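Right, one structure below, let's go through it.
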Amino acid sequence: MEKQDIIEQIKSLKTQKNAVILAHYYTDPDIQDLADYIGDSLGLARQAAETTADIIVFCGVHFMAETAAITSPEKKVLIPAQACGCSLAESITAADIRKWKDANPDGLVVSYVNTTAEVKAETDYCCTSSNAIKVIEHLGKDQKIFFTPDKNLGAYLNKETGSNMELWDGDCCVHEFISSKLVLDMHQQYPEADILIHPESSCSSDDAILNHPSTFFYATSGIIKHAKESNKKQFIIATEKGTLHQLQKENPDKEFILVDPKVICSSMKKVTLKGLYEALLYEQYRVVIDPEISKKARLSISRMLEIG
Ligand code: 13P
Ligand code: SF4
Numbered sequence: 013m014e015k016q017d018i019i020e021q022i023k024s025l026k027t028q029k030n031a032v033i034l035a036h037y038y039t040d041p042d043i044q045d046l047a048d049y050i051g052d053s054l055g056l057a058r059q060a061a062e063t064t065a066d067i068i069v070f071c072g073v074h075f076m077a078e079t080a081a082i083t084s085p086e087k088k089v090l091i092p093a094q095a096c097g098c099s100l101a102e103s104i105t106a107a108d109i110r111k112w113k114d115a116n117p118d119g120l121v122v123s124y125v126n127t128t129a130e131v132k133a134e135t136d137y138c139c140t141s142s143n144a145i146k147v148i149e150h151l152g153k154d155q156k157i158f159f160t161p162d163k164n165l166g167a168y169l170n171k172e173t174g175s176n177m178e179l180w181d182g183d184c185c186v187h188e189f190i191s192s193k194l195v196l197d198m199h200q201q202y203p204e205a206d207i208l209i210h211p212e213s214s215c216s217s218d219d220a221i222l223n224h225p226s227t228f229f230y231a232t233s234g235i236i237k238h239a240k241e242s243n244k245k246q247f248i249i250a251t252e253k254g255t256l257h258q259l260q261k262e263n264p265d266k267e268f269i270l271v272d273p274k275v276i277c278s279s280m281k282k283v284t285l286k287g288l289y290e291a292l293l294y295e296q297y298r299v300v301i302d303p304e305i306s307k308k309a310r311l312s313i314s315r316m317l318e319i320g
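The working numbering numbers the first residue of the sequence shown as 13 and each following residue consecutively.
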């Protein structure tokens, strides 16, 4: 089938089956252009919880589709590609969390949303990069916290909130690549540019970067908002390449420079037009969570959604 025919088929199947297409900003431009809603982790979790559609086709990685299945247990949640893993979600198990809780009965576990349903079920509070500061501040500086699984985001949060959270040693294999040197070298080439950095990046707790007058730290939706509202004309983007699509679409008069062409999440790119078409046609691949796990995991997600 030609590309345009696949697109028409996707649109028609979507209406026929009362389905909604949710896509993360890191997916391919073709997928983003077909989505009913494009968002970052927090925005997508909210949309999944609120939609009235019967089917959610989740164009993103597996933990995100799981989150949708947890918040909308009555809906059919489909993911168009299998084996869409995430190095963060794969770095920690529910047993790891239980071990820490047994040794720290007075502590709380805050897990980034980039975790499996089983880990969320053992977690007290979830957070995303959009609301992590709010969640940590809500718990207070004196609370003993185990932050999992992203050590880079955790170190950034410790600096921003003055907390002293214990950190799990996980990282995003994509943002880990974004070092202070990479950012500063690029800024030498574009000294007028604002530098918009995702806090999963390995440079995000380096004081030289944190205190640099041109750096700003945001989740993906914050990066997009900053670029839109700023009077600047040039921006260095220190996050995944897919974000450039919306940035360029919304700001045709501005220039966006990816900090390095290799900042690509291969899992997100597994979602293709053909895969999306087949997901709608065959109603595959359904994401099913054990009801007991789902019930426990929902609690940590809803605590996060209530905070902000
Ligand atoms: P956000 O969507 O919260 O910006 O996180 C980025 C990410 O890496 C998602 O996997
Ligand atoms: Fe996971 Fe990193 Fe890919 Fe996000 S960009 S899905 S954190 S591997």
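Positions of the beta carbon are idealized from the N, C-alpha and C atoms, including for glycine.
None of these values were measured; they are calculated from a predicted model.
Look at the beta carbons and you see the segment 30 to 41 touching the segment 242 to 254: at least three pairs across the two are nearer than 8 angstroms.
For A101, there is no enclosing beta strand (DSSP E), as DSSP marks it with neither H nor E. With distances taken between CA atoms, I109 lies nearest to W180 out of W180, Q28 and I33.
Inclusion of Q246 and Y202 in the CB contact set at 8 angstroms is warranted, their separation being smaller than that value. Rounded to whole angstroms, the separation of the alpha carbons of E304 and C71 is 25 angstroms. A distance below 7 angstroms between beta-carbons, with the five flanking residues on each side excluded, links K153 to the following residues of its chain, in chain order: G174 and S175. By alpha-carbon distance to F158, the top candidate from T140, A129, Y124 and N243 is Y124. For E290, the closest C-alpha among the options I22, I82, Q16 and K15 is that of I22. Of the heavy atoms belonging to the ligand SF4, at least one sits nearer than 7 angstroms to the Cβ of N126. Taking a C-beta distance under 8 angstroms as the contact criterion, A93 and A133 do not qualify as a contact pair. Cα atoms of P117 and E149: separation of roughly 21 angstroms, rounded to the nearest angstrom. Here Y49 carries a strand assignment [DSSP, helix/strand/coil]. A distance below 8 angstroms separates the beta carbons of L120 and L151. Relative to S314, the option among T140, L194, Y49 and G182 whose CA is nearest is T140. Residue I91 holds the alpha-carbon nearest to the alpha-carbon of K282 among I91, S53 and V299.
When only Cα atoms are considered, S279 and A81 end up about 19 angstroms apart.
Using a cutoff of 7 angstroms, the CB of A231 counts as near the ligand 13P, since one of the ligand's heavy atoms is closer than that. Assigned with DSSP and collapsed to three states, T127 falls in coil, not helix or strand. Bridge pairing for L179: F159 [DSSP].
Of the other Cβ atoms in all chains shown, fewer than 16 fall within 10 Å of the Cβ of D114; this residue is therefore exposed. Rounded to whole angstroms, A47 and I33 show a C-alpha spacing of 5 angstroms. The continuous stretches of alpha helix (DSSP H) do not include I248, which lies in the beta strand (DSSP E) extending over residues Q246 to A250. Between I190 and S214 a beta carbon distance of about 6 angstroms is seen, short of the 8 angstroms cut, so the two are scored as contacting. Here Q200 is exposed. Its C-beta has fewer than 16 other C-beta atoms within 10 Å. Taking a cut-off of 7 angstroms from the heavy atoms of the ligand SF4, the residues with a C-beta inside it are Y38, V73, C98, S99, L100, A101, N126, C184, C185, V186, H187, E212, E252, C277, S279 and M280. Nearest in C-alpha terms to P161, of all of D136, E102 and E172, is E102. Setting aside the 5 residues that flank it on each side, S84 is surrounded in the same chain by A60, A61, T63 and I68, each with a C-beta closer than 8 angstroms to its C-beta; the list follows chain order. For the 8 angstroms CB-CB criterion, V299 and V122 do not form a contact.
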